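Student: Before I ask anything, here is the structure I am working with.
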Amino acid sequence: MRKQLHEIQEIDQYVLREMSAADQLVFQARMLACHHLQEKVEHQLQAHALVRRFAREAQREQLSEVYDRLWETDASFRSEITAIFK
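Numbering of the sequence shown is given in the numbering used here, commencing with residue 2 and proceeding in unit increments.
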């Protein structure tokens, strides 16, 4: 299990560009030599993309809730928004 955690951490460092240039070159060479490592990097990239996507969706929901509350409770906000689209 320790080896897997170390590998995940190393992949994260590579994906997030937190490795030194020398370490990146060594890691890239290992990916060329080991197809499974390359697949794991691809999976990690996909996982990061999903996390970003869900974070954006959560932010949209929060903004929508704020907008709805402002629309319902703040007449000046409502009139300013309405004026934009006149």
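Using N, Cα and C, we set each Cβ at its ideal position, and we do this for glycine too. Keep in mind that this is a model prediction, so the values were computed, not measured.
1) Kindly give me the distance between the Cβ atoms of Q25 and Y15, rounded to whole angstroms, as I take these residues to be in contact under 8 angstroms.
2) Quick one, are the C-beta atoms of I12 and V42 less than 8 angstroms apart?
3) What number of angstroms, rounded off, separates the C-alpha of A34 from the C-alpha of A50?
4) Could you pull the start and end residues of the alpha helix (DSSP H) that K41 belongs to?
5) Compute the Euclidean distance between the alpha carbons of A56 and Q63, then round it to the nearest angstrom.
Tutor: Taking the geometry as given:
1) With a contact defined as Cβ atoms closer than 8 angstroms, Q25 and Y15 qualify at about 7 angstroms.
2) Yes, Cβ-Cβ distance for I12 and V42 is below 8 angstroms.
3) Their Cα atoms are separated by approximately 25 angstroms.
4) First-last of the alpha helix (DSSP H) with K41: 36-74.
5) Their backbone Cα atoms lie some 11 angstroms apart in a straight line.
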